[in-house]
Amino acid sequence: MAQARLEGTLDRLGRQTLQLLHETGAVALLLGRAARWIGRGTLEWPQTVRQMARVGVESIPIILVTGAFSGMVLAFQTTRQLVRLGGQGFVGGLVSLSLAREAAPVFTAVTVAGRIGAGFAAEIGTMAVTEQLDALRVLATDPVRYLVVPRLLAGLVMLPVLTVFANAAGFVGGLLIAASGGVSPPVYLASVRRFLDAYDLVSGLGKAAAFGVIIALIGAYRGLVAAGGAEGVGRATTGAVVTAIVLILVCNYFLDLVLF
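Each residue of the sequence shown is one higher than the one before, counting from 5 in our numbering.
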């Protein structure tokens, strides 16, 4: 009995490992095909601009809210601890560094993954189960060029832009909370100037660009392989969000090792 359970566990583990390797290879191939179309310069510009507006402009309000409250929470906790130790001069620097390097790019990416990544998977998945992708191929239109590349470029370009908004909102929110906790604005700003440099900001934007590619690529892949009608589209949507968020967190760790 115990041997049968062990064999069943090993069988499931083996199948899951093979599935993971298969999906990793499929996503890498999809990225390669998209990069090839981008390299040729034959882009669907109307689609690309439309997706940039969707990913960027339509996400600004929620990113401002997310960024502001992230900065406020960071400032509240930092001010609370450092003021009692006489470290008011470090509050602004710690908050701004935390925002620029980690909070702004990661929280922005997670928010966009839930909002946009799910939408990408649902849209393309619906096209897959209703045979619209086959219709595109019949018309000699590559779905990767028409659907994936515009979304990939939108994620690559607009995630750093949204991160700039998140940084700005978080900075202002942190300044207000720090001021209410006993750190004057001049002290806060002087601390920011002392600790934060351009490399921190640029590194955070680079991370955001990588996260944008992950969100778009995973959402598009899950949509392309969706099958089984409405239920399959639902699974693709859920899988896109979960996979993208996990990959964002894993990628964030390894990028930190490289950048900082």
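Where is the CB? At the ideal position from N, CA and C, for every residue including glycine. Treat the numbers as computed from the prediction; the structure is a model and nothing was measured.
What is the DSSP secondary structure of V229, counted as helix, strand or coil? Collapsing the DSSP output to three states places V229 in coil.
For V77, the first and last residue of its enclosing alpha helix (DSSP H): I64 to V87 is the extent of the alpha helix (DSSP H) around V77.
When the distance is taken between beta carbons, is M56 closer than 9 Å to V161? Their beta carbons are under 9 Å apart, which means V161 touches M56 by this criterion.
So what does DSSP say about T46, is it helix, strand or coil? Secondary structure at T46: coil, using DSSP grouped into helix, strand and coil.
Measuring alpha carbon to alpha carbon, tell me which residue in T28, L14, A38 and Q23 is nearest L151. Nearest Cα to L151 within the set T28, L14, A38 and Q23: A38.
Would you tell me roughly how many angstroms separate the C-alpha atoms of I128 and L228, rounded to the nearest one? Going by the C-alpha atoms only, they are around 6 Å apart.
For the alpha helix (DSSP H) that G159 lies in, which residues bound it at each end? Counting along the chain, the alpha helix (DSSP H) containing G159 begins and ends at V153 to S184.
Whose C-alpha, out of G43, I222, F258 and G233, is nearest the C-alpha of V116? Residue I222 is the option with its Cα nearest to V116.
Residue range of the unbroken alpha helix (DSSP H) whose run includes L193: It spans P189 to F199 - the alpha helix (DSSP H) in which L193 sits, taken as one unbroken run.
On the CB-based measure, 16 or more other CB atoms within 10 Å of its CB, does G71 come out buried or exposed? By the C-beta density criterion, G71 is buried, having at least 16 other C-beta atoms within 10 angstroms.
Going by beta-carbon coordinates alone, are V168 and V95 separated by less than 9 Å? No; because the gap between Cβ atoms is not below 9 Å, this pair is not in contact.
Which class does F215 belong to by DSSP, given the choice of helix, strand or coil? Residue state, collapsed to three classes: helix.
Please state whether DSSP places L25 in a helix, a strand or coil. Here L25 sits in helix by DSSP.
Sequence-distant residues of its chain with Cβ nearer than 6 Å to M131 (five each side left out): Closer than 6 Å at Cβ, skipping near neighbours: L137.
Proximity winner among G177, A230, G118 and A234, relative to I252 (alpha-carbon distances): Comparing Cα-Cα distances from I252 to each of G177, A230, G118 and A234, the minimum goes to G118.
By a C-beta neighbour count over all protein chains shown, 10 Å radius and 16 as the cutoff for buried, is L86 buried or exposed? For L86, the number of other beta carbons within 10 angstroms of its own is at least 16, and it is reported as buried.
At the level of alpha carbons, what is the spacing between A224 and L261? Their Cα atoms are separated by approximately 28 Å.
Drop a sphere of 10 angstroms on the beta-carbon of T242, count the other beta-carbons inside from all chains shown, and report buried for 16 or more, exposed for fewer. Exposed is the call here.
Below 6 Å CB to CB, which residues in the same chain sit around L259 once its five sequence neighbours on both sides are set aside? Closer than 6 Å at Cβ, skipping near neighbours: K211.
Just to confirm my understanding: we take Q92, look at its own chain, exclude 5 residues before and 5 after, and list those with CB closer than 6 Å. What are they? Here Q92 has V187 and V191 as same chain residues with Cβ atoms under 6 Å from its own Cβ, once five neighbours each way along the sequence are excluded.
Within a Cβ cutoff of 7 Å, which residues of the same chain sit near L214, ignoring the five residues on either side of it in sequence? The amino acid occupying residue 214 in the given sequence is Ala; Leu does not appear at that position. These residues qualify, in order along the chain: C255 and L259.
What is the residue span of the alpha helix (DSSP H) that G96 lies within? Start and end: V95 to S102.
Taking Cβ to Cβ, would you say V217 is nearer than 9 Å to L47? Not in contact: V217 and L47 (Cβ atoms no closer than 9 Å).
Local conformation of T145 per DSSP, three classes: T145: coil per DSSP, three-state reduction.
CA nearest to the CA of F175, picked from P50, R58 and L103: Closest in alpha carbon position to F175, among P50, R58 and L103, is L103.
Taking only three categories from DSSP, how would you classify E235? Three-state result, E235: helix.
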